[in-house]
Amino acid sequence: MSLLNLESLQVSIGPVQAVRDVSLSLQEGECRALVGESGCGKSVTAMSLLGLLPNAAQITASQWQFSGRDMTQLNEREWRQLRGNRIAMIFQNPMTALDPTQTIGSQIAEPLLVHKGLSRREAKMRAIALLERLAIANPAQRAAQYPFEFSGGMLQRAMIAMAVVCEPELLIADEPTTALDVTVQSEVLSLLQEMRESSGTAMLFITHDLGVVAEIADSVSVMYAGQTVESGNLQQVFSTQAHPYTQALKRAVPSLDNPQPLEAIAGSPPDLRQPPTGCGFAARCAQRMAICEEAPPLIQCAESHLARCWLWHKDHPSRWRESDSEQMPMTEGSK
């Protein structure tokens with residue numbers, strides 16, 4: 001049974017349909033990357049999973065279960081029992097997520113006081129030990145310091161410590177390496193990988209960086225305009241690139257092996273106050289067809305591999321082949 005099973009999540013905040021149809025699942029110990037450009041609904045999806053959206057948000061899902069529990073029926077008290085305990089989050093900007101008036105050590109220890117019932121001394125010692133495990137020198141001294149006294153990389157490690165101190169079953173990491181230089185980014189990814197392997201924690205890793213995805217993820221969900229447009233294991237998504245948007249993302253990534261100039265994706269994302277009735281990517285897609293004026297469903301490309309694209313429909317001419325009918329040939333742009 002999946003640790004997390006989310007189907008057809010939809011979130012509206014005022015006039016904005018921020019999430020229009022997102023489905024994803026996570027097994028214990030799995031790392032799933034949630035990929036897409038800024039504004040596509042990744043962070044709203046993450047906030048939904050933590051019950052942190054404003055009261056004005058309208059949230060629906062055909063199915064939403066965590067560890068076999070129906071999440072659509074939780075009240076605020078039950079959400080508070082989960083947050084920071086069984087489900088935790090590493091926020092994108094630790095400088096704004098951490099309390100500037102509290103020491104780093106006290107902020108790491110707080111979830112232990114609230115959820116585990118430890119004494120202040122026990123929680124403090126656990127926080128110091130975790131800082132040491134995260135390769136922060138002089139952890140006892142650092143635990144007594146405030147966020148403004150930490151560098152960017154150290155702040156991100158402190159955020160990781162705060163998120164994993166209760167050993168959550170699900171860790172959500174919202175672009176945790178975006179503001180870091182390459183060296184610190186590599187260190188943070190290694191720490192996350194090590195902690196995931198040692199504790200068996202499942203992770204939803206939100207990013208727009210495909211290089212990071214290749215390094216840390218087991219599976220990938222690609223989002224565009226509030227929808228999941230492709231989903232599968234890492235090898236499937238990176239090799240097949242079943243959706244034209246995934247192909248375009250790959251062509252925009254620098255590569256030492258490819259001398260061709262980078263290709264920007266033409267056009268702009270749709271306005272989610274008035275989202276298109278058909279395919280959300282059609283206006284920017286070089287392979288669009290007349291049927292793209294209708295909204296495509298998620299279509300199975302292979303086992304556990306889905307794409308929201310009419311190119312994969314069983315009646316599309318590109319699938320009329322004598323053999324290997326489960327695999328559509330890559331387009332020229334996806335090579």
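When you line the sequence shown up against full-length UniProt numbering, it's residues 1 to 335, in that order. Idealized CB from N, CA, C, for every residue including glycine.
- Straight-line spacing of the CA atoms in residue 265 and residue 243 works out to 14 Å.
- For residue 188, the CB contacts under 8 Å within the same chain, skipping 5 residues up- and downstream, are 153, 156, 157, 160, 176, 177, 180 in chain order.
- The beta carbon of residue 144 lies closer than 7 Å to those of 103, 105 in the same chain, with the five residues before and after it left out.
- The continuous beta strand (DSSP E) containing residue 20 extends over residues 16-26.
- Residue 292 holds the alpha-carbon nearest to the alpha-carbon of residue 277 among 19, 69, 292, 287.
- Straight-line measurement puts the Cα of residue 168 at about 15 Å from the Cα of residue 113.
- Excluding residues up to 5 positions away in sequence, 273 lie with their Cβ nearer than 8 Å to the Cβ of residue 15 in the same chain.
- Residues of the same chain with a CB within less than 7 Å of the CB of residue 59, apart from the 5 flanking positions on each side, are 11, 48, 53 in chain order.
- For the pair of segments examined, the stretch 206-217 was found to touch the stretch 226-239: the number of CB pairs separated by less than 8 Å reaches three.
- DSSP places residue 203 inside the beta strand (DSSP E), whose first and last residues are 202-207.
- In the displayed model, residue 146 falls within coil according to three-state DSSP, outside both helix and strand.
- Just so you know, the alpha carbons of residue 87 and residue 64 end up roughly 14 Å apart.
- Nearest Cα to residue 33 within the set 211, 75, 20, 149: 211.
- In this structure, residue 301 keeps its C-beta atom at 8 Å or more from the C-beta atom of residue 295.
- Inter-segment contact for the stretch 61-75 and the stretch 255-271 is absent: fewer than three beta-carbon pairs are separated by less than 8 Å.
- Comparing C-alpha distances from residue 111 to each of 164, 149, 51, 259 shows the shortest one belongs to 164.
- As a beta-bridge residue in DSSP terms, residue 305 pairs with 302.
- Straight through space, the alpha carbons of residue 229 and residue 203 are spaced by roughly 20 Å.
- For residue 119, DSSP records no beta bridge to any residue.
- Nearest to residue 75 by alpha-carbon distance, out of 55, 245, 132, is 55.
- Within the stretch 228-302, the complete beta strand (DSSP E) runs of at least 3 residues fall at 299-302.
- When Cβ pairs closer than 8 Å are counted between the two stretches, the stretch 33-46 is seen to touch the stretch 15-24, the count reaching three or more.
- In this structure, the straight-line span from the alpha carbon of residue 280 to that of residue 124 is close to 50 Å.
- Here residue 43 is near residue 206, since their CB atoms are less than 8 Å apart.
- Across the set 96, 121, 130, 13, the C-alpha of 96 shows the shortest separation from the C-alpha of residue 147.
- Under the DSSP assignment, residue 223 falls in the beta strand (DSSP E) whose first and last residues are 219-224.
- Around the C-beta of residue 222, 16 or more other C-beta atoms lie within 10 Å, and the residue is accordingly described as buried.
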